[in-house]
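K.L.:
Here you go, one structure.
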Amino acid sequence: MKKNYFELIKEIPDKELLKSLYVTQILLLTIALLLGVFLFDSFQAFVDLINTADPSILLFGAGGGLAVVIVDVILMKLLPAKWYDDGGLNERIFQKRSFIEIAVIAVFVAAGEEILFRGVIQTHFGLVPASLLFALVHYRYLFQVFLFINVTGLSFFIGFIYLQTENLAVPIVMHFIIDFLLGCLIKIKYEKNKKE
109 MKKNYFELIK EIPDKELLKS LYVTQILLLT IALLLGVFLF DSFQAFVDLI
159 NTADPSILLF GAGGGLAVVI VDVILMKLLP AKWYDDGGLN ERIFQKRSFI
209 EIAVIAVFVA AGEEILFRGV IQTHFGLVPA SLLFALVHYR YLFQVFLFIN
259 VTGLSFFIGF IYLQTENLAV PIVMHFIIDF LLGCLIKIKY EKNKKE
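Right, here's the structure in full:
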C-alpha cells in the first residue's frame, strides 16, 4: 500500500525534520542571493531593500504580524481542528523546542522566505507570482483546502504590506512575529497537556 504524505512525514525523526527545515531555508536564501546577483543592478540595490531605521517596521511588521496571529487564534477556536491539520508537522517542529530555539527557527524561516519571495521575486515579477509561489512552497498545505487558502491569503497580505512600505524589513519582521508567536503557542499548549 502506498503511503501518503502525512504518513511519510511521521516517519522522519524530529532531528532530521529540523535539519531539513534549516537546509531548506539555507537553500531558499542561496537561491535569493544568486537571483539577486543577476536581477539587481548592484548588490547595494539588493541590500537597500532593507531599511532597519524605518518606523513602519513596528507598526506594519510587528503590528501586522500580531494581528495575523490574533485572527489565526480566533479561527482555530471557531473552526474544526481538522481544518488546521498539517499532519502534525508544526507541532513536531515547535512543541519540544525552547523559546530561544523557536526564535532562531522563526528568524531563519522569515529571512529566507521573505528575501526570496518579496525581495527578489515580488520586486522583479510582481505580487501575484511571488504570493502564489510562496503558497506552493508550503507544499504540505496543498493537502488541506483551508490551510492552502490561509497561506495564500497570508502571502498576498504580506506582499501587499511590502508594496505599501517598500521596505523588506517589514515583511521579515511580520513573518518572524507570526512564526515565533504561533510556535510559542504550540509549545505552551504541549507543556500544558503534558502536565494534565
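Here the working numbering = 1-based position in the sequence shown + 108.
C-beta: ideal position from N, C-alpha, C; glycine also.
Report the residue from V179, I208 and I139 whose alpha carbon sits nearest the alpha carbon of F288.
P.N.:
Here residue 288 is taken as the residue at index 180 of the sequence shown, counted from 1. Here the closest residue by C-alpha is I208.
K.L.:
Considering only the beta carbon of each residue, do A243 and S263 sit closer than 7 Å?
P.N.:
As a position in the sequence shown, residue 243 is number 135, starting the count at 1. As a position in the sequence shown, residue 263 is number 155, starting the count at 1. With contacts defined as CB atoms closer than 7 Å, A243 and S263 qualify as a contacting pair.
K.L.:
Under DSSP, the alpha helix (DSSP H) around L250 begins and ends at which residues?
P.N.:
For this step, residue 250 is matched to residue 142 along the sequence shown. L250 -> no alpha helix (DSSP H), and no H or E assigned at all.
K.L.:
If you count every other CB in all the chains shown that lies within 10 Å of the CB of F146, and 16 or more means buried, which is it?
P.N.:
Here residue 146 refers to the residue found at position 38 when the sequence shown is read from its first residue. With fewer than 16 Cβ atoms within 10 Å of its Cβ, F146 is classed as exposed.
K.L.:
For N301, is the classification buried or exposed, using 16 other Cβ atoms within 10 angstroms of its Cβ as the cut-off for buried?
P.N.:
Position 193 of the sequence shown holds residue 301. By the 10 Å Cβ count, N301 comes out exposed.
K.L.:
Does the region 227–239 come close enough to the region 198–212 that 3 or more CB-CB pairs lie under 8 Å?
P.N.:
Too few Cβ pairs lie closer than 8 Å, so no.
K.L.:
So is Q152 buried or exposed if we call it buried at 16+ other beta carbons inside 10 Å?
P.N.:
Locating residue 152 in the sequence shown gives position 44, where the first residue counts as 1. Its Cβ having fewer than 16 others within 10 Å, Q152 is exposed.
K.L.:
Can you check whether the CB of Q203 is closer than 7 Å to the CB of Y270?
P.N.:
The residue labelled residue 270 in the question sits at position 162 within the sequence shown. The residue labelled residue 203 in the question sits at position 95 within the sequence shown. Contact flag unset, no.
K.L.:
Could you compute how far the alpha carbon of L290 sits from the alpha carbon of V245?
P.N.:
Numbered from 1 along the sequence shown, position 182 holds the residue referred to as residue 290. Numbered from 1 along the sequence shown, position 137 holds the residue referred to as residue 245. A direct Cα-Cα distance of roughly 19 Å separates L290 from V245.
K.L.:
Can you look up L276 in the DSSP assignment and give me helix, strand or coil?
P.N.:
Taking the sequence shown and counting its residues from 1, one reaches residue 276 at position 168. Coil.
K.L.:
Around the C-beta of G173, are 16 or more other C-beta atoms found within 10 angstroms, so that it is buried, or is it exposed?
P.N.:
Within the sequence shown, numbered from 1, the residue matching residue 173 stands at position 65. Its Cβ being crowded by 16 or more others within 10 Å, G173 is buried.
K.L.:
Looking at the secondary structure, which residues open and close the alpha helix (DSSP H) in which R200 lies?
P.N.:
Stepping through the sequence shown from its first residue, residue 200 is reached at position 92. From DSSP, the alpha helix (DSSP H) with R200 extends over L197 to F202.
K.L.:
On the DSSP letters alone, give me the boundaries of the alpha helix (DSSP H) that E124 sits inside.
P.N.:
For the purposes of this step, residue 124 is taken as residue 16 along the sequence shown, with counting starting at 1. Counting along the chain, the alpha helix (DSSP H) containing E124 begins and ends at D122 to L147.
K.L.:
Going by the beta-carbon positions, is the gap between A140 and I223 smaller than 7 Å?
P.N.:
In the sequence shown, counting from the first residue as 1, residue 140 sits at position 32. In the sequence shown, counting from the first residue as 1, residue 223 sits at position 115. In this structure, I223 lies closer than 7 Å to A140 by Cβ.
K.L.:
Within this structure, are the beta carbons of V259 and Q133 separated by less than 7 Å?
P.N.:
Numbered from its first residue, the sequence shown carries residue 259 at position 151. Numbered from its first residue, the sequence shown carries residue 133 at position 25. Between V259 and Q133, the C-beta spacing is not below 7 Å.
K.L.:
I'd like to know if N275 contacts chain D, where contact means its C-beta is closer than 7 Å to some C-beta of that chain.
P.N.:
Among the chains of the structure shown, chain D does not appear; only one protein chain is present.
K.L.:
Does E274 pass the burial test, meaning 16 or more other C-beta atoms within 10 Å, or should it be called exposed?
P.N.:
Translated into the one-based positions of the sequence shown, residue 274 becomes position 166. Burial call: exposed.
K.L.:
Rounded to whole angstroms, what is the Cα-Cα separation between I178 and I296?
P.N.:
Sequence index remark: in the sequence shown, residue 178 carries index 70 (1-based). Sequence index remark: in the sequence shown, residue 296 carries index 188 (1-based). Using only the alpha carbons, I get a separation of about 16 Å.
K.L.:
Comparing alpha-carbon positions, which option in I201, M184, F154 and F148 lies nearest K118?
P.N.:
Stepping through the sequence shown from its first residue, residue 118 is reached at position 10. Considering only alpha carbons, the answer is I201.
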